[in-house]
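Undergrad: One structure is given below, represented as structure tokens, and several questions about it will come after.
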Amino acid sequence: MMHAAPVSETDRIDGVDAARGLALLGIFCVNIQLFAEPFGRMMAPPTGLGTADTIAHYFVHTFCTGKFYGLFSLLFGIGFALQRGGATARGASFTGIYARRLLFLGGLGALHALLVWYGDILFIYAMCAVVLLLCAKVPPRAKVIVAAALFALYAMIGAPMAMMQRPQGTQAASQASVEEPAPASPNMVNEPGPVAPGAESSQSPAVSRKGAFWSTPFGRLIDGFKTQRITDPTSAEWQDLERGVYQEGPYGQLFLFRGFTWITMLIWCIFGFYLTVVALFFIGSALAETGRLGKDAAPLHRRLLAIGLLVGLPLSAFGAYATGVRYESAAWRGLGTGAMILGAPLMSLGYLSAVLLVMNAARGGLLGRALASTGRMALTNYLTQSLIATSVFYYYGLGWFGSVGRARQLLLVAVVFTLQVVFSVLWMRAFRYGPMEWLWRMVTYLKAPAMRRRGTGAGD
């Protein structure tokens, strides 16, 4: 039996790589708010914001939120199918190789979440890809049917939950200007910090306890849950404590806060997010297995693009409006959430189709090739975005957490991503893989692939 090997450069699909590069940009546009502000503000309506920040909010929620992690999920499924197809064609074993690939991805994701940033997606992808691996032999048509059912199930779960669970303390949190963060106590590890307007005192129960732990921000967070002063990340007290930790440290408290937030996110994902990821994995793998990625699939891509524009975009715009402007109404929240759940995958497919149409027609020109280089280093660039953003916003860097409005957050995204594109183009001229991509392949195949290019760099 032959051994599996990385996909050669000549076998790579430029459109898929370019779509991956575009997905990196869209994901960064969404993630930047989680880097820059308390976690709960992502779930709050955009009240109390200036004009520019309000426009930035609705732009991201309409065109980016749920769409680009969806695009990345489609591409993950496509990659799975292409790798499995290549291994099968060579008569090589695939299951063990891919399991090792997922173990590395899951371990890297856990380290990323605990040591750098709680919003990691790699661990979730590794978990959901186990389902993809177990269902590898399911026919493409069946995968698409199951995917549609999963989205319908998510909408039936998500819409009622949005109606029933109005976040606590949302108004106070959202009205606090992001340009004027709440001051943090210089010694907040040993003394209680300030309380956000409208929140109950976080000091009396925790301060009355004996022991240093209960006077720390994380100790006060846990005490808040025990006494039901805090119920979720939208609670004003959670946001106040979170703001102080990310602005002032120390790292031990930041580590505990980050780990707690990450675990909270993983639990919440059970109620729908995992369903969408698996569904999009299935759709992506079905597209690749049926050969719907090349020029001959242009009619399908045009239809998917039209559906994304004519159905997905209006649903997403309505969802952003209903969960923002009309947030006070439970019925509007439910309708808006359902619309966003159903509209997001349609836009993800539209984005993928648009990139494939352009790249298959003329390789996308200079921009398309630049995005393809960026996408071929997707893992490296994704982790680099986290390192740069946390260095900008956390206390051990510039300490801008809670002090940068959403419009300026997007400006930072534009600057960082532009630098990443330039770096990726230059790097890929000299090397076959990005640094983390090379490490991933080495662990996956238990063999170090050639890194530097020789001559034209063709082949693997």
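First residue of the sequence shown? That's 18 in our numbering, and the numbers climb one at a time after it.
C-beta atoms are modelled at their ideal positions from N, C-alpha and C, and glycine is treated no differently.
#1: Rounded to the nearest angstrom, what separates residue 173 and residue 359 at their Cα positions?
#2: Give every residue of the same chain whose Cβ lies closer than 8 Å to the Cβ of residue 94, excluding the five residues on either side of it in the sequence, and list them in chain order.
#3: If you drop the 5 nearest sequence neighbours on each side, which residues of the same chain put their C-beta closer than 7 Å to that of residue 126?
#4: Could you give the C-beta distance for residue 310 and residue 33, rounded to a whole number, given that I count them as a contact under 8 Å?
#5: Where DSSP assigns a beta bridge to residue 448, which residues make up the other side?
#6: Per DSSP, what kind of secondary structure is residue 187 in: helix, strand or coil?
#7: What whole-angstrom Cβ distance do residue 119 and residue 146 have, given they're in contact under 8 Å?
#8: Figure out for me which residue from 372, 390 and 157 has the closest Cα to the Cα of residue 88.
#9: Less than 8 Å separating the beta-carbons of residue 341 and residue 397?
#10: Which complete alpha helix (DSSP H) runs does the stretch 274-340 hold, if anything under 4 residues is left out?
#11: Residue 252 to residue 57, Cα distance in whole Å?
#12: Between residue 419 and residue 260, how many whole angstroms is the CB-CB distance? I'm expecting something under 8 Å.
#13: Please state whether the Cβ-Cβ distance between residue 322 and residue 364 is less than 8 Å.
#14: Using 8 Å as the threshold, is the C-beta distance between residue 45 and residue 402 below it?
#15: Taking only the alpha-carbon atoms, compute the straight-line gap between residue 367 and residue 103 and give it to the nearest angstrom.
#16: Put residue 345 into one of helix, strand or coil per three-state DSSP.
#17: For residue 381 and residue 36, which I take to be in contact (beta-carbon distance under 8 Å), what is that distance rounded to the nearest angstrom?
#18: For the candidate residues 471, 431 and 430, whose alpha-carbon lies nearest to that of residue 447?
#19: What first and last residue would you give for the alpha helix (DSSP H) that runs through residue 95?
#20: I'd like the span of the alpha helix (DSSP H) that includes residue 109, first residue to last.
#21: What is the rounded straight-line gap between the Cα of residue 271 and the Cα of residue 47?
#22: If you count every other CB in all the chains shown that lies within 10 Å of the CB of residue 62, and 16 or more means buried, which is it?
#23: According to DSSP, simplified to helix, strand and coil, what is residue 376?
#24: Please return the same chain residues whose Cβ sits closer than 6 Å to the Cβ of residue 289, not counting the five positions on each side in sequence.
#25: Quick check: the Cα distance between residue 461 and residue 110, rounded to an integer number of angstroms?
#26: Go through its chain and collect everything with a Cβ distance to residue 312's Cβ below 6 Å, but skip five positions before and after it.
#27: Which of the three DSSP states, helix, strand or coil, is assigned to residue 162?
#28: Determine the burial state of residue 426: buried for a count of at least 16 other Cβ atoms within 10 Å of its Cβ, exposed for fewer.
#29: Check residue 245 in the structure and name its three-state DSSP category.
#30: Cα separation between residue 30 and residue 122?
#31: Can you give me the Cβ contacts of residue 158 inside the same chain, cut-off strictly under 7 Å, excluding the 5 residues immediately before and after it?
#32: Leaving out five residues before and five after residue 163 in sequence, what residues of the same chain have Cβ atoms less than 7 Å from its Cβ?
#33: Using CA atoms only, rank isn't needed, just tell me which of 405, 346, 407 and 410 is closest to residue 181.
#34: With a Cβ-Cβ cutoff of 8 Å, do residue 50 and residue 59 count as a contact?
#35: Does DSSP put residue 417 in a helix, in a strand, or in coil?
#36: Going straight from the alpha carbon of residue 318 to that of residue 80, what length do you get?
TA: Put simply:
#1: Straight through space, the alpha carbons of residue 359 and residue 173 are spaced by roughly 11 Å.
#2: Here the set comprises 149, 297, 298, 299, 300, 301, 302, 303, 304 and 305.
#3: Within the same chain, residue 126 has close Cβ partners 137, 139, 140 and 143.
#4: Between residue 310 and residue 33 a beta carbon distance of about 7 Å is seen, short of the 8 Å cut, so the two are scored as contacting.
#5: In DSSP, residue 448 forms a bridge with 469.
#6: Unreliable positioning characterises residue 187 in this predicted model, as indicated by a pLDDT of 45, which lies under 50. The coordinate reading is nonetheless provided below. DSSP places residue 187 in helix when its eight states are reduced to three.
#7: The beta-carbon separation of residue 119 and residue 146, rounded to 5 Å, stays under the 8 Å limit for a contact.
#8: When only C-alpha atoms are compared, the closest one is 372.
#9: At a Cβ-Cβ threshold of 8 Å, residue 341 and residue 397 do not count as neighbours.
#10: Qualifying alpha helix (DSSP H) stretches, in chain order: 290-306, 315-324 and 330-339.
#11: In this structure, the alpha-carbon of residue 252 lies about 7 Å from that of residue 57.
#12: About 5 Å; that satisfies the 8 Å criterion.
#13: In this structure, residue 364 does not lie closer than 8 Å to residue 322 by Cβ.
#14: Yes, they are a contact pair.
#15: Residue 367 and residue 103: Cα-Cα distance of roughly 27 Å.
#16: In the structure shown, residue 345 falls within a coil segment according to DSSP collapsed to helix, strand and coil.
#17: That belief does not hold up - the Cβ atoms of residue 381 and residue 36 are roughly 10 Å apart, past 8 Å.
#18: Ranking 471, 431 and 430 by Cα distance to residue 447 puts 471 first.
#19: For residue 95, the enclosing alpha helix (DSSP H) stretches over residues 85-106.
#20: From DSSP, residue 109 is part of no alpha helix (DSSP H); its letter is neither H nor E.
#21: For residue 271 and residue 47, the gap between their C-alpha atoms comes out near 22 Å.
#22: Result: buried.
#23: DSSP places residue 376 in helix when its eight states are reduced to three.
#24: Excluding residues within five positions, the ones whose Cβ falls inside 6 Å are 171, 174 and 175.
#25: So the two alpha carbons sit approximately 12 Å from each other.
#26: Excluding residues up to 5 positions away in sequence, 377 lie with their Cβ nearer than 6 Å to the Cβ of residue 312 in the same chain.
#27: Helix, per DSSP.
#28: Classification for residue 426: buried.
#29: In this structure, DSSP gives residue 245 a state outside helix and strand, which the three-state scheme calls coil.
#30: So the two alpha carbons sit approximately 22 Å from each other.
#31: Around residue 158: no qualifying Cβ.
#32: Answer for residue 163: 299, listed in chain order.
#33: If we check each option's Cα against that of residue 181, 346 comes out closest.
#34: Residue 50 is a Cβ neighbour of residue 59, given a cutoff of 8 Å.
#35: DSSP places residue 417 in coil when its eight states are reduced to three.
#36: Cα to Cα, the separation comes out at about 19 Å.
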